[in-house]
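What follows is a short report on a single structure.
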(Lines of atoms letter the chains of each structure in order from A and count residues from 1; the text may use other names and numbers.)
(Lines give C-alpha, C1' and ligand atoms only; values in the text may rest on other atoms or scores of the structure.)
Protein backbone atom coordinates (compact mmCIF):
# COMPACT_ATOMS: atom_id res chain seq x y z
CA UNK A 1 0.00 0.00 0.00
CA UNK A 2 2.83 2.37 0.86
CA UNK A 3 4.41 1.79 -2.57
CA UNK A 4 1.12 2.55 -4.34
CA UNK A 5 0.72 5.81 -2.39
CA UNK A 6 4.31 6.82 -3.21
CA UNK A 7 3.72 6.15 -6.91
CA UNK A 8 0.52 8.20 -6.87
CA UNK A 9 2.34 11.12 -5.22
CA UNK A 10 5.24 10.91 -7.70
CA UNK A 11 2.90 10.62 -10.69
CA UNK A 12 0.79 13.56 -9.54
CA UNK A 13 3.82 15.74 -8.82
CA UNK A 14 5.45 14.79 -12.12
CA UNK A 15 2.42 15.60 -14.23
CA UNK A 16 2.25 19.16 -12.98
CA UNK A 17 5.72 19.90 -14.31
CA UNK A 18 4.72 19.28 -17.92
CA UNK A 19 1.72 21.57 -18.19
CA UNK A 20 2.08 24.63 -20.36
CA UNK A 21 0.23 27.81 -19.55
CA UNK A 22 -0.73 30.42 -22.08
CA UNK A 23 0.79 33.85 -21.56
CA UNK A 24 -1.75 36.12 -19.88
CA UNK A 25 -1.71 39.64 -21.31
CA UNK A 26 -2.02 42.66 -19.04
CA UNK A 27 -5.29 44.28 -20.16
CA UNK A 28 -7.43 47.30 -19.30
CA UNK A 29 -11.17 47.84 -19.87
CA UNK A 30 -11.97 48.54 -23.52
CA UNK A 31 -15.42 48.97 -25.08
CA UNK A 32 -17.16 51.15 -27.60
CA UNK A 33 -19.55 51.56 -30.50
CA UNK A 34 -19.25 50.69 -34.19
CA UNK A 35 -21.31 52.49 -36.84
CA UNK A 36 -21.32 52.81 -40.61
CA UNK A 37 -22.41 56.20 -41.92
CA UNK A 38 -23.98 56.81 -38.52
CA UNK A 39 -25.96 53.53 -38.39
CA UNK A 40 -25.09 50.89 -35.75
CA UNK A 41 -23.46 47.74 -37.08
CA UNK A 42 -24.72 44.48 -35.56
CA UNK A 43 -22.82 41.19 -35.72
CA UNK A 44 -19.41 42.53 -36.66
CA UNK A 45 -16.18 41.46 -34.99
CA UNK A 46 -13.93 44.34 -33.98
CA UNK A 47 -10.28 43.29 -33.64
CA UNK A 48 -7.52 45.44 -32.18
CA UNK A 49 -4.03 44.15 -33.05
CA UNK A 50 -1.28 45.67 -30.88
CA UNK A 51 1.49 47.14 -33.04
CA UNK A 52 4.09 45.53 -30.74
CA UNK A 53 2.92 41.99 -31.57
CA UNK A 54 1.02 41.13 -28.38
CA UNK A 55 -2.19 39.10 -28.50
CA UNK A 56 -5.13 40.90 -30.16
CA UNK A 57 -8.39 41.87 -28.47
CA UNK A 58 -11.77 41.12 -30.07
CA UNK A 59 -15.42 41.82 -29.48
CA UNK A 60 -18.70 41.29 -31.35
CA UNK A 61 -21.16 44.15 -31.80
CA UNK A 62 -24.75 43.95 -30.58
CA UNK A 63 -27.86 45.48 -32.21
CA UNK A 64 -26.84 48.95 -30.99
CA UNK A 65 -23.31 48.54 -32.41
CA UNK A 66 -21.83 48.22 -28.91
CA UNK A 67 -18.87 45.92 -28.24
CA UNK A 68 -16.67 44.95 -25.32
CA UNK A 69 -13.16 43.78 -26.14
CA UNK A 70 -11.53 40.68 -24.69
CA UNK A 71 -7.99 39.35 -24.93
CA UNK A 72 -7.47 36.57 -22.37
CA UNK A 73 -11.20 35.99 -21.79
CA UNK A 74 -14.40 37.32 -23.30
CA UNK A 75 -14.85 40.96 -22.32
CA UNK A 76 -11.75 41.26 -20.10
CA UNK A 77 -10.27 44.20 -22.05
CA UNK A 78 -7.39 45.03 -24.39
CA UNK A 79 -3.64 45.56 -23.92
CA UNK A 80 -2.78 49.25 -23.50
CA UNK A 81 -0.94 50.85 -26.42
CA UNK A 82 -1.40 51.48 -30.13
CA UNK A 83 -3.41 49.02 -32.22
CA UNK A 84 -4.27 48.46 -35.87
CA UNK A 85 -7.97 47.73 -36.34
CA UNK A 86 -9.86 45.20 -38.46
CA UNK A 87 -13.64 44.87 -38.69
CA UNK A 88 -15.26 41.78 -40.22
CA UNK A 89 -18.76 40.37 -40.47
CA UNK A 90 -19.24 37.52 -38.00
CA UNK A 91 -22.34 35.48 -38.90
CA UNK A 92 -24.35 34.22 -35.92
CA UNK A 93 -23.59 30.69 -34.82
CA UNK A 94 -26.29 28.09 -35.46
CA UNK A 95 -28.64 27.40 -32.60
CA UNK A 96 -28.59 24.05 -30.88
CA UNK A 97 -27.02 22.23 -28.03
CA UNK A 98 -23.34 22.76 -27.37
CA UNK A 99 -21.39 20.49 -29.70
CA UNK A 100 -24.48 19.73 -31.81
CA UNK A 101 -24.29 22.75 -34.12
CA UNK A 102 -24.24 22.06 -37.83
CA UNK A 103 -21.32 23.40 -39.82
CA UNK A 104 -22.23 25.47 -42.84
CA UNK A 105 -19.35 25.77 -45.31
CA UNK A 106 -21.42 27.22 -48.14
CA UNK A 107 -20.98 31.03 -48.23
CA UNK A 108 -24.15 31.40 -50.31
CA UNK A 109 -26.31 30.08 -47.47
CA UNK A 110 -24.62 31.89 -44.55
CA UNK A 111 -26.56 34.77 -42.96
CA UNK A 112 -25.73 38.15 -44.52
CA UNK A 113 -25.13 41.40 -42.63
CA UNK A 114 -27.95 43.93 -42.53
CA UNK A 115 -25.42 46.60 -43.52
CA UNK A 116 -22.39 45.82 -45.68
CA UNK A 117 -19.16 47.73 -45.17
CA UNK A 118 -16.30 48.25 -47.64
CA UNK A 119 -13.94 45.26 -47.79
CA UNK A 120 -10.87 47.32 -46.86
CA UNK A 121 -12.01 47.30 -43.21
CA UNK A 122 -11.42 43.51 -43.09
CA UNK A 123 -7.65 43.99 -43.24
CA UNK A 124 -5.81 45.85 -40.46
CA UNK A 125 -3.13 46.88 -42.98
CA UNK A 126 -5.70 48.48 -45.32
CA UNK A 127 -8.43 49.70 -42.94
CA UNK A 128 -6.62 52.95 -42.16
CA UNK A 129 -7.84 52.72 -38.56
CA UNK A 130 -5.62 52.80 -35.51
CA UNK A 131 -6.70 53.04 -31.88
CA UNK A 132 -4.73 53.98 -28.80
CA UNK A 133 -5.82 52.27 -25.58
CA UNK A 134 -4.62 54.32 -22.58
CA UNK A 135 -3.21 52.65 -19.45
CA UNK A 136 -6.46 53.43 -17.62
CA UNK A 137 -8.56 51.85 -20.38
CA UNK A 138 -11.34 53.30 -22.52
CA UNK A 139 -15.07 52.54 -22.49
CA UNK A 140 -16.03 55.10 -25.14
CA UNK A 141 -14.19 54.00 -28.28
CA UNK A 142 -16.08 55.15 -31.39
CA UNK A 143 -15.56 53.81 -34.88
CA UNK A 144 -17.81 55.51 -37.49
CA UNK A 145 -16.92 53.92 -40.80
CA UNK A 146 -17.58 55.80 -44.04
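In this note's numbering, the protein residues as written are 15 to 160. Think of the CB as a built atom: it goes at the ideal place given N, C-alpha and C, for glycine as much as any other residue. Keep in mind it's a predicted model, so treat the numbers as computed, not measured.
Alpha-carbon spacing of residue i relative to residue j, whole angstroms
| i | j | result |
| --- | --- | --- |
| residue 78 | residue 50 | 12 Å |
| residue 68 | residue 75 | 23 Å |
| residue 94 | residue 102 | 22 Å |
| residue 90 | residue 36 | 16 Å |
Check whether residue i and residue j have beta carbons under 7 Å apart
| i | j | result |
| --- | --- | --- |
| residue 126 | residue 134 | no |
| residue 92 | residue 138 | no |
| residue 151 | residue 43 | yes |
Proximity test, Cβ basis, 7 Å: residue i and chain D
| i | result |
| --- | --- |
| residue 158 | Protein chain content of the structure displayed is limited to a single chain, and chain D is not contained in it. |
From the options, residue whose alpha carbon lies closest to that of residue i
| i | options | result |
| --- | --- | --- |
| residue 40 | 146, 85, 59 and 103 | 85 |
| residue 129 | 151, 152, 150 and 159 | 159 |
| residue 64 | 43, 46, 76 and 97 | 97 |
| residue 123 | 94, 105, 155 and 157 | 105 |
Status (buried if at least 16 other CB within 10 Å, exposed otherwise) for residue i
| i | result |
| --- | --- |
| residue 70 | buried |
| residue 73 | buried |
| residue 38 | exposed |
**Request:** Give, in chain order, every unbroken run of the alpha helix (DSSP H) that is at least 4 residues long and sits entirely within the stretch 36–78.
**Result:** Complete alpha helix (DSSP H) runs here, min 4: none at all.
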